[in-house]
C-alpha cells in the first residue's frame, strides 16, 4: 500500500494516545507550563490536578488517575522532593508498577541522592528543541510495553496532611468547646513539629490557627496560646524597638510558682484545598493577629513619633519610670528584692484561665486581655520583682503604658473601672498548670483616673493582693502586689513613687 494512503503498525504505535499523570509541587506551577504544553503538543492525554476541589474526593481522584495512567511524569525540583503529597503519589505509582519519568523543571540540590536517583532524568529546566525530542522519546520508550496492574491492588495511601483537612472542616462547626479548642491547638502544634519545614504546610497551619482565634467562642487561654505560636511564626515586620538602657539589678534567682498571673511563657502541592471557602475569614484574622502580636513593636512605632512630638516619654524613658529593686525595697522595707527577669515590652499573656474572663484585667497588672485593642496604646514596660528565697514575702508586678494622649490614657482607666466594678464582691477561680485557687475580690475603690481593688485567697489564707491603676498625663501606671502584710499600702506607695517620676 502506498505510504501516502496507508500507515504502518509502527506509525499506529507512535500515534497512540498515552495517558500521562503529572506529579508536581504547587510551588512550581509557574515552571510547569512549558512541560505541560510540550506534552499536549505531542497529542498525549495529560492530566494535572488543577481542576479539583478539596477533601477526600480530591485524593481519591488523584489515586484513580494514577491507576489509570500509562506513565507518571515527575516535575522534578527541590519543591517536589520536599512535598509530602508528591512523595505519596510516587510511592503509590511504584506500588502499582507504573513507569516513572522524572523531568527536571527546577533546581535540585543533589541529582544523585534522591528517590529517583536510579532513573534516567530528562533535563527540561531550560526547554530546547533537543530536550523536547528527548522528552517525547522517553514517553514512548516507557509505554512501548504496557504493564498490567498488580492483583490485588495495593492499599491506597492516606490523604496527605489529612489532619489539616479534618481540622479545617471542624472549624465550620457552630460551637467548639474549650477542650476541643485546646485539642485542635495541640494537633496544629504537632503538625508544625512534623511539617513545619514545608513553607506551604506551615502557612496552612498558621491559617487554621487564625481561623480558630477568630471564632466567637474562642477562650482567652486558646487565643493567647495561638498568639504565642503565631508570634514565633510571624515576627512583626517593623524593626524592633531599641533595647532600653540596662537598669542595675541584684542577681536574679528562680521564682517560686504561685497562683499569681505570669508572663508569656501543604499542602505543598495542593495547599489550597483546606480553607478555600474561608479566605475572607482568614484575611480578617490576619489583621487581628498582627494587631495583637505586634503592638509592642510595629504597632507602636508611629505612635511613638506622634507621642514624642506631644511631649510624651520616649520608649527608653518608659524604662526609667520603673523602680529598681533597690528603690522598691527602700519603700517597702525589704532589701532582698530581686528583678525576676528582664523588662517586658508587651502586655502579658496569662499562664492560666480565670473562671470569670471579664475580671482578668482586675486580677493582674499589664494583662493582655485588658490592653488588647486599647485606643491610642503605644509602648509598654513591665517587670516582676520579688523577695529572695523559696517563699517570697513580697511579689510585685510594676508596669507603665504610654498612650498617644492624656485623653486616651484617662479613657483606658475609665473603661477598666467599668470592668473591675463588675468583679467587686465576687469569687473567681484561677486555674494554672500548677494549681487551682479561688480568690475573693473586694469592691472597687477610687474613681478614674485612679482606681484600685484588693483580693484574697477565698479559703481564708494570709496572702492578699492589691491592684492599682492610675492615669497621669498620657501614661498609665499599673501595679499589682501580693503579700502577707499590708498589700494595699505596698501597692499605693510603689505606684506613687512611679507617678513622681512621671511628673518630673
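Residue numbers (UniProt numbering): 1 to 504.
Ideal Cβ placement from N, Cα and C applies to all residues, glycine included.
The model shown is predicted, which means the values in this text are computed figures rather than measured ones.
**OP:** Taking all protein chains shown into account, decide if residue 49 is buried (16 or more other Cβ within 10 angstroms of its Cβ) or exposed.
**Re:** buried
**OP:** Determine which residues share a DSSP beta bridge with residue 24 and list them.
**Re:** According to DSSP, residue 24 shares a beta bridge with no other residue.
**OP:** Would you grab the beta carbon distance between residue 469 and residue 478 for me? Rounded to a whole angstrom, and I think it's under 8 Å.
**Re:** 5 Å
Subject >> Distance between residue 17 and residue 126 (C-alpha atoms, nearest Å) >> reply: 26 Å
Subject >> Sequence-distant residues of its chain with Cβ nearer than 8 Å to residue 131 (five each side left out) >> reply: 122, 123, 124
Original post:
Roughly how many whole angstroms lie between the Cα atoms of residue 64 and residue 163?
Top reply: 22 Å
Subject >> Boundaries (first-last residue) of the alpha helix (DSSP H) holding residue 165 >> reply: 162 to 170 is the span of the alpha helix (DSSP H), which, as asked, contains residue 165.
**OP:** Give me whichever residues DSSP pairs with residue 401 in a beta bridge.
**Re:** 380, 476
Original post:
What do you reckon, are the CB atoms on residue 411 and residue 474 nearer than 9 Å?
Top reply: no
Subject >> Beta-ladder partner(s) of residue 455, from DSSP >> reply: 441, 465
Original post:
According to DSSP, what are the bridge partners of residue 471?
Top reply: 476
Original post:
Would DSSP call residue 5 helix, strand or coil?
Top reply: Caution applies to residue 5, whose pLDDT of 38 falls short of 50 and renders its modelled position unreliable; the value that the coordinates give is listed next. Coil, per DSSP.
**OP:** State the start and end residues of the unbroken alpha helix (DSSP H) segment that holds residue 318.
**Re:** According to the DSSP assignment, residue 318 belongs to the alpha helix (DSSP H) that extends over 315 to 321.
**OP:** Measure from the C-beta of residue 397 to each C-beta in chain B and report whether the shortest distance is under 9 Å.
**Re:** Checking the listed chains, one finds no chain B in this structure; it contains a single protein chain.
Original post:
Is it a yes or a no for the region 441 to 459 touching the region 381 to 400, going by three-plus beta-carbon pairs under 8 Å?
Top reply: At 8 Å Cβ cutoff, the stretches do not touch.
**OP:** Measure the Cβ-Cβ separation of residue 365 and residue 398 and say whether it is below 9 Å.
**Re:** yes
**OP:** Could you name the residues of the same chain whose beta carbon sits closer than 6 Å to that of residue 342, not counting the 5 residues immediately before and after it, in chain order?
**Re:** none
Original post:
For residue 23 versus residue 89, is the C-beta spacing smaller than 9 Å?
Top reply: yes
Original post:
Can you tell me whether residue 381 is buried or exposed, with buried defined as 16 or more other CB within 10 angstroms of its CB?
Top reply: Buried, since its Cβ has 16 or more Cβ neighbours within 10 Å.
Original post:
What do you get for residue 348, buried or exposed, if any count of 16 or more other CB atoms within 10 angstroms of its CB means buried?
Top reply: buried
**OP:** Starting from residue 226, follow the alpha helix (DSSP H) in both directions and report where the run begins and ends.
**Re:** 220 to 233
Subject >> C-alpha gap between residue 106 and residue 129, whole angstroms >> reply: Going from the Cα of residue 106 to the Cα of residue 129 covers about 18 Å.
Subject >> residue 504 classed as buried or exposed, judged by whether at least 16 other C-beta atoms fall within 10 angstroms >> reply: exposed
**OP:** Give a yes or no on whether the C-beta atoms belonging to residue 337 and residue 396 are separated by under 9 Å.
**Re:** yes
Original post:
Do you know how far the Cα of residue 77 is from the Cα of residue 300?
Top reply: Note that residue 300 scores a pLDDT of 37, beneath 50, so its modelled location is shaky and nothing firm can be said.
Subject >> C-alpha gap between residue 94 and residue 432, whole angstroms >> reply: Within the model, the alpha-carbon separation for residue 94 versus residue 432 is close to 51 Å.
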